[in-house]
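Asker: In the working numbering, the protein residues as written are 90 to 394.
Even glycine gets a Cβ: it sits at the ideal position worked out from N, Cα and C.
As the structure is a prediction and not an experimental result, all values here were calculated from the model.
What follows is a single structure, and I will ask about it in a moment.
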């Protein structure tokens, strides 16, 4: 399999620079004289201009010669090589296999993606695998003790690598995985179907056509006061509450409100201490003082033990 030629790479790079420069100029147009007078009269300083997120046009992302792995990314000092692009995940939790709003580009995370990078004097292999409710980003040292790190985002395992080496360095996980290079984005775009290409261009996500029971439960649980996606996912996946998963709020309420069972107390203990919940949630004072009591009133009602 062949990667991009020298000319293809340089043409893509020049086109990307020109297109992004034009978009940036259009967003930062000189204001009209009326707007300037209004701003001058204001007592508050103007808000800083946010750096726009880079976006592709359909011509840039959806056309052109197909790019196949392996290839080396020159924008990252020739130290990241993509060996396998993997495939787009289209089954349960498909919408979670897309990049977060903080990433430079909006794109899918292909399962089976594999790349390598040399840093801190070692070579590391990076990969993306299937998790229970989203992707798992893995890093394995190919030399030395053979350490392995993983997490739900590209940055989390690379942060663990930095901590292991005591570098005191802050890094970009998406960049180290190779996702901040336009060449990788063009290559991944070759895996998209029409719906996924539209999602990439419009900064959306492509969901599975039919949601699994746990996904439907998450959508319902996030409607509870103070419950975010992390807690809702833990509630949908746990089997600690009655030895089974509750795939709807009605099921959880019915279990918690059973008379003389102590289920309500089990639920409260789980909400306050379970290792299945995000650590940041358990450390949040409002969670313990306000959110949990409110959830207990909503779910267990008058049947609290």
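Looking only at DSSP bridge pairs, what is residue 36 linked to?
Answerer: The displayed coordinates of the chain run from 90 to 394. Any statement about residue 36 would go beyond what the structure contains.
Asker: What is the DSSP secondary structure of residue 161, reduced to helix, strand or coil?
Answerer: Translated into the one-based positions of the chain shown, residue 161 becomes position 72. Correct three-state label for residue 161: strand.
Asker: Evaluate the contact criterion for the segment 345 to 352 versus the segment 371 to 381: three or more CB pairs, one atom per stretch, below 8 Å.
Answerer: Touching, no, given that fewer than three Cβ pairs across the two stretches are closer than 8 Å.
Asker: Taking all protein chains shown into account, decide if residue 470 is buried (16 or more other Cβ within 10 angstroms of its Cβ) or exposed.
Answerer: With the chain represented from 90 up to 394, any question about residue 470 goes unanswered, as that position is not in the structure.
Asker: By the DSSP assignment, the beta strand (DSSP E) with residue 403 in it spans what residues?
Answerer: One cannot answer for residue 403 here, as it falls past the ends of the chain, which runs 90 to 394.
Asker: Going along the chain, which unbroken runs of the alpha helix (DSSP H) with 4 or more residues stay wholly within the segment 346 to 389?
Answerer: Segments of the alpha helix (DSSP H) lying fully in the segment 346 to 389: 352 to 362, 368 to 372, 381 to 388.
Asker: With 16 other CB atoms within 10 Å as the buried threshold, where does residue 192 fall?
Answerer: Translated into positions along the chain shown, residue 192 becomes position 103. Classification of residue 192: buried, given that the 10 Å Cβ count is 16 or more.
Asker: DSSP puts residue 238 in a beta bridge; with which residues?
Answerer: As a first step, residue 238 is located in the chain shown; it is residue number 149 there, counting from the start. 228, per the DSSP bridge assignment.
Asker: Kindly indicate which residue of 317, 179, 239 has the alpha-carbon position closest to the one of residue 199.
Answerer: Sequence index remark: in the chain shown, residue 199 carries index 110 (1-based). Here the closest residue by C-alpha is 179.
Asker: Give the single residue among 157, 373, 319, 171 whose Cα lies nearest to the Cα of residue 365.
Answerer: Walking along the chain shown from the start, residue 365 turns up at place 276. It is 319.
Asker: Out of 190, 158, 247, 317, which has the shortest C-alpha to C-alpha gap to residue 292?
Answerer: Within the chain shown, the letter at position 203 stands for residue 292. Cα-wise, what sits closest to residue 292 is 190.
Asker: Taking only three categories from DSSP, how would you classify residue 250?
Answerer: Taking the chain shown and counting its residues from 1, one reaches residue 250 at position 161. Of the three classes helix, strand and coil, the one that applies to residue 250 here is helix, per DSSP.
Asker: Just the C-alpha distance for residue 300 and residue 210, rounded to the nearest angstrom, thanks.
Answerer: Here residue 300 refers to the residue found at position 211 when the chain shown is read from its first residue. Here residue 210 refers to the residue found at position 121 when the chain shown is read from its first residue. Going by the C-alpha atoms only, they are around 44 Å apart.
Asker: On a CA-only basis, which of 271, 295, 156 is nearest residue 282? Give me that one, please.
Answerer: Here residue 282 refers to the residue found at position 193 when the chain shown is read from its first residue. It is 295.
Asker: Would you call the segment 381 to 388 in contact with the segment 305 to 315, where contact means no fewer than 3 C-beta pairs closer than 8 Å?
Answerer: The answer is yes - the segment 305 to 315 touches the segment 381 to 388, with three or more Cβ pairs under 8 Å.
Asker: So, is residue 258 buried or exposed, given that buried needs 16 or more other C-beta atoms within 10 angstroms?
Answerer: Position 169 of the chain shown holds residue 258. Per the 10 Å Cβ criterion, exposed.
Asker: Beta strand (DSSP E) containing residue 170: first to last residue?
Answerer: Translated into the one-based positions of the chain shown, residue 170 becomes position 81. It spans 169 to 173 - the beta strand (DSSP E) in which residue 170 sits, taken as one unbroken run.
Asker: Grouping DSSP H, G and I as helix and E and B as strand, with all else coil, what is residue 176?
Answerer: For this step, residue 176 is matched to residue 87 along the chain shown. In this structure, residue 176 counts as strand in the three-state DSSP scheme.
Asker: Kindly give me the distance between the Cβ atoms of residue 334 and residue 298, rounded to whole angstroms, as I take these residues to be in contact under 8 Å.
Answerer: Position 245 of the chain shown, counting from 1, holds the residue named residue 334. Position 209 of the chain shown, counting from 1, holds the residue named residue 298. With a Cβ gap of about 22 Å, residue 334 and residue 298 do not count as contacting.
Asker: The ligand FAD heavy atoms versus the CB of residue 295: any closer than 7 Å?
Answerer: Within the structure as shown, the ligand FAD is missing, as the structure has no ligands at all.
Asker: By a C-beta neighbour count over all protein chains shown, 10 Å radius and 16 as the cutoff for buried, is residue 275 buried or exposed?
Answerer: Locating residue 275 in the chain shown gives position 186, where the first residue counts as 1. Its Cβ being crowded by 16 or more others within 10 Å, residue 275 is buried.
Asker: By alpha-carbon positions, which one of 363, 236, 217, 256 ends up nearest to residue 266?
Answerer: Numbered from 1 along the chain shown, position 177 holds the residue referred to as residue 266. Measuring from the Cα of residue 266, the nearest candidate turns out to be 217.
Asker: For residue 241, which residues in the same chain have their Cβ closer than 8 Å to its Cβ, ignoring the five residues on either side in sequence?
Answerer: Looking up residue 241 in the chain shown gives position 152. Result list for residue 241: 220, 223, 224, 225, 226, in chain order.
Asker: From residue 233 to residue 321, what does the alpha carbon distance come to, in whole angstroms?
Answerer: Position 144 of the chain shown holds residue 233. Position 232 of the chain shown holds residue 321. In a straight line, the C-alpha of residue 233 is about 39 Å away from that of residue 321.
Asker: Take the Cβ of residue 422 as the centre, count every other Cβ of all protein chains shown within 10 Å, and call the residue buried at 16 or more, exposed below.
Answerer: Because residue 422 is not part of the residues shown, which for the chain are 90 to 394, the question remains open.
Asker: In this structure, how does DSSP classify residue 395 when only helix, strand and coil are distinguished?
Answerer: Outside the displayed span of the chain (90 to 394) sits residue 395, for which this structure offers no information.
Asker: May I ask which residues mark the beginning and end of the alpha helix (DSSP H) holding residue 58?
Answerer: Any property of residue 58 remains undetermined from this structure, which presents the chain solely from 90 to 394.
Asker: Given residue 362, which residues of its chain have a CB within under 8 Å of its CB, disregarding the five upstream and five downstream residues?
Answerer: Counting from one through the chain shown, the residue named residue 362 turns up at place 273. Closer than 8 Å at the Cβ level, and outside the excluded window around residue 362, lie 371.
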